[in-house]
Every structure is written in structure tokens, then in C-alpha cells.
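In my numbering, the protein residues as written are 4 to 445.
The C-beta atom is built at its ideal place from N, Cα and C for all residues, glycine as well.
These figures come from a predicted structure and were not determined experimentally.
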Ligand SMILES: Cc1cc2nc3c(=O)[nH]c(=O)nc-3n(C[C@H](O)[C@H](O)[C@H](O)COP(=O)(O)OP(=O)(O)OC[C@H]3O[C@@H](n4cnc5c(N)ncnc54)[C@H](O)[C@@H]3O)c2cc1C
């Protein structure tokens, strides 16, 4: 079958980019000095810049590429800040105080990112849609019930489980055995969100430098020197906001936050009644499968955007597209024959503990390791990093008490261990989960 529509975008180009504002005129070399220099102009770097500029600092943000073309304009636009790990796992990894703190801070993170959108009047199709996390097997649904009970014991989270029968209201497939519903979660258009953050930073007098990789940041007395091929900049404070796209001599970060790819396809526009049949709940949808898929309607509710780990290694987006299309058809056989207009990929910045951290390395403040959940959390932790760099107590956060650990023999760059993991997930974990799902379906 021909996978792509005749008018499909060039493979690799995100659906979101069809809709953004033209990039403003930005310099490609940095000024000589600033109060704060920020490396990386995605959600994290721009929101750190906004916080610092609001405190009166002269801020320069430098990006290696076109600002936003890291993960921030490639993601699924699913907006929620509940921690990605169950409470007990967080306690084991980071200790009880950190775990409790992160859970308690989740609502503040959500409110901050939402408040930024409202305050800056960012027209980014923000909508409270709710999110459902769909259980692939009966055992995974039982685990979800336990998870909700455990979380409710430590934090006041708006989340409920819904059984298989009720699921028909949400999604037109019999593939799943139940779900957790997060009614307060939301959706946005990531490119428009990034455009709005950029605009808010520029309005505050922040200088954003494009296509200017920072080679290194070194300490010089009380200041920091950031070196680029087109000049150096001296600043009183420095912040790293490079997550899964870190380039340059930043070995400490590259060893700890590795690029794990994720892939998304967009279908051609679909008939309204078909979409109503497939996704009557119009929620953001994610799965419990280890190699989970995540999917949603486009903001204009004309098509399906379907993402997942078609591979956990880097493969060509067009190759990923056929795998994602197959997974999508397995959930919704009615989409057999439906053509695609877009396929693209992006690097999630994964940490070995699966959680982000705000910290300091040789005086350089950083916020990274979002591990695939950063649309709401990255702007929040960017803001925290900004305040922390300024020495302001508003920079305090429980995310300072998570960890960014390294692993032996990984020195950054291509994560070789994902080659092995890819086979393990594809041939062992998938097979196990699918066998259980078939058994459960009787
Ligand atoms: C396909 C995909 C789907 C996702 N879906 C979701 C979702 O639905 N919901 C959700 O919550 N999260 C999602 N995420 C995660 C989310 O997009 C990220 O967590 C978030 O965008 C991270 O923002 P950031 O600013 O930290 O990093 P980025 O946006 O990646 O920005 C980092 C920037 O640093 C720059 N940089 C790197 N090194 C240097 C250097 N040496 N000098 C100068 N600049 C440098 C890069 O050029 C880049 O622009 C998804 C991610 C991907 C890839």
C-alpha cells in the first residue's frame, strides 16, 4: 500500500511546522557580555530567560540550531505534570522527601505553564481535554488501580480509573482493558507555544542567538565564559537547557541525558464521523505498553497524530512511519488504507532515573532529563533554573533532589545500549505483553 498522500510533506518535517509564525530576525553571534547566558532555546531555555529578564537581568540565549527545532516543536503537545514514575519507585530512587516533594509540586508545575500561556496571551490552541492512559492487559489495569490508590494516599491528584465498558465513551476500540483518566490534563500546539515563549522573551529585551553552537562554558573567577565559533560571551551566571540535543564539550551532561528518539505520524484529514467513532472522548491518549504509543486528534480535530517508539534506536522517519501505521491499524482497523501527510522524529532527553533534575555543575545551573514529559514541566523547571541562577529562593524545587546518574562505558553521543534494548523490547517484552493481551481477550 502507498503510505503517503500525494501532497505529503517531506519526510522528517513535523506537522506542527506547517502552522508556525515566521522566525523573527535573530543574530547568529553573541554579544560580548550579559548577566545571564543560557545555552538552548527550547521551552526550558526560553522560560528561564523570561524569569531572569523579569528580575531585571540582561539575558542572552544561544541555540546551536534554529530555536525550537529541538524537541520543543516536535512533541505530541500533551500537557500534564504528573510525575512519570509511581511514588514507590521514586522513593526507592530518590528518597521519600524528594518523592513526596515532586508529587506535591506537580500541580504548581501545571499551573505555572498554564499561567505563562494565559499571562503572555499565547495563542497555542491550549485546551483542557483530559488524558487517558490505556491499559493493554488486564494485569496492567489491575496495576493502574493500585497505582491510583497509592498516589491518592500521598497527593491530591485528580485521577480516576475507568473500566472496560466505560471506555467505549472514550475510544472506539476493544483493544484496552481499562484506563486511568486524568480529567485536568490538556493539549496544545507545541510550535505555537514555542513561538509565544520566544515572543515573550524578545519583548522583555532578551537576545536570542541562532545557529551558534556553544562549544564550552568555563568558569573565569566569578564569571562564566561561553565560547562559540563566532565569538565568546562573558556572563555572571550560566544555565544549560539542552536536554536531548546537547552538542559540544559538555561530557558531564551528555553522559547523563541521552537522546532517545520518538516518532510521530499525521494522517490525512479524516471524515468527522469517523473521528467521532475512533476518539469520541477527544482525550490525549497514551498506553501502558512498555513500548507505548501516544495519540490524539490534531488541534483542529481533523486528523489523528499518532506517536510512539517505532524504534528506540535512530531510524529514518519514513521507516518509522510504516511501523506506526501498522500499530495504529491494529488499534483502529478502520484506518486501513488511510494515507499519511507527515512523519517525523525527535530526541527525548532521557535520564537513567527517568526523571528530570534542576542542579548545578561547576557553578553552571541546569534543568534537563525530561525523559519524554516536558511540555508542562520544562517551562516550569526552566523558570526554577532561572531563579536558582540568580540566587533567588523561588528557585527551590523538589526536582533538585532527584538525581542525574551516569552509567559505566557511556560517554555521551550514540547510546549504544539502546541497540540491545531495542531488540529486548521488540522481541521479548512486546511478545510477552501481546500474548497476555490475546489471552485476556479470550
Ligand atoms: C517526538 C516527541 C514527542 C514528545 N511528546 C511529548 C508530549 O506529548 N508531552 C510532553 O510533556 N513531552 C513530550 N515530549 C518531550 C518534550 O518535547 C521535551 O521534554 C521538551 O521539549 C524539552 O524542552 P527543552 O527546551 O529542555 O529541550 P529542547 O527543546 O530539545 O531544546 C534544547 C535546545 O538546546 C540546543 N543546544 C544543544 N546543545 C547546544 C549547544 N552546545 N549550544 C547551543 N545550543 C545547544 C538545541 O539546538 C535545542 O534547540 C516529546 C518529545 C519528543 C521528541
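Within this structure, are the beta carbons of residue i and residue j separated by less than 9 Å?
i: residue 504; j: residue 440; result: Since the first residue of the chain shown is 4 and the last is 445, residue 504 is not available in this structure.
i: residue 351; j: residue 97; result: no
i: residue 183; j: residue 173; result: no
i: residue 383; j: residue 112; result: yes
i: residue 143; j: residue 291; result: yes
i: residue 343; j: residue 7; result: yes
i: residue 421; j: residue 256; result: no
i: residue 185; j: residue 160; result: yes
i: residue 239; j: residue 39; result: yes
i: residue 216; j: residue 181; result: no
i: residue 245; j: residue 73; result: yes
i: residue 79; j: residue 318; result: no
i: residue 117; j: residue 82; result: yes
i: residue 428; j: residue 294; result: yes
i: residue 366; j: residue 213; result: no
i: residue 348; j: residue 265; result: yes
i: residue 157; j: residue 62; result: no
i: residue 33; j: residue 314; result: no
Shorter than 8 Å, the distance from the beta carbon of residue i to the closest heavy atom of ligand 1, or not?
i: residue 4; result: no
i: residue 151; result: no
i: residue 225; result: no
i: residue 57; result: no
i: residue 272; result: no
i: residue 114; result: no
i: residue 364; result: no
i: residue 322; result: no
i: residue 346; result: no
i: residue 39; result: no
i: residue 128; result: no
i: residue 221; result: no
i: residue 405; result: no
i: residue 250; result: yes
For the alpha helix (DSSP H) holding residue i, just list the boundary residues, first then last.
i: residue 72; result: First-last for residue 72: undefined, no H or E at that position.
i: residue 423; result: 420–426
i: residue 148; result: 141–157
i: residue 170; result: No alpha helix (DSSP H) holds residue 170; DSSP gives it neither H nor E.
i: residue 110; result: 99–122
i: residue 53; result: 46–57
Give the range of the beta strand (DSSP E) segment to which residue i is assigned.
i: residue 184; result: 181–185
i: residue 350; result: 343–354
i: residue 285; result: Run containing residue 285: none; DSSP gives neither H nor E here.
i: residue 40; result: 36–42
i: residue 319; result: Per DSSP, residue 319 belongs to no beta strand (DSSP E) and is neither H nor E.
i: residue 264; result: 260–270
i: residue 220; result: 217–223
i: residue 300; result: 296–300
i: residue 137; result: 134–137
i: residue 371; result: 367–371
i: residue 64; result: 62–65
i: residue 238; result: 234–243
Please confirm whether residue i has its beta-carbon closer than 9 Å to some beta-carbon of chain B.
i: residue 203; result: The structure shown has no chain B; it contains just one protein chain.
With a 10 Å radius around its C-beta and 16 neighbouring C-beta atoms as the bar for buried, classify residue i as buried or exposed.
i: residue 65; result: buried
i: residue 402; result: buried
i: residue 127; result: buried
i: residue 436; result: buried
i: residue 99; result: exposed
i: residue 198; result: buried
i: residue 31; result: exposed
i: residue 70; result: buried
i: residue 434; result: exposed
i: residue 162; result: buried
i: residue 131; result: exposed
i: residue 41; result: buried
Take residue i as the anchor and find which of the options has the nearest alpha-carbon.
i: residue 193; options: 386, 426 and 379; result: 379
i: residue 341; options: 101, 269, 120 and 400; result: 269
i: residue 129; options: 307, 88, 301 and 191; result: 191
i: residue 309; options: 289, 134 and 315; result: 289
i: residue 285; options: 219, 294, 293 and 303; result: 303
i: residue 333; options: 279, 176 and 365; result: 176
i: residue 242; options: 53, 265, 15 and 317; result: 53
i: residue 87; options: 94, 43 and 376; result: 376
i: residue 149; options: 358, 89 and 23; result: 89
i: residue 355; options: 363, 145 and 372; result: 372
i: residue 189; options: 223, 296, 105 and 301; result: 301
i: residue 364; options: 391, 358, 349 and 345; result: 391
i: residue 281; options: 306, 91 and 210; result: 306
i: residue 279; options: 337, 330 and 253; result: 337
i: residue 14; options: 408, 119, 389 and 345; result: 345
Residue i: beta carbon under 8 Å from a heavy atom of ligand 3?
i: residue 16; result: Ligands in the displayed structure: ligand 1; ligand 3 is not one of them.
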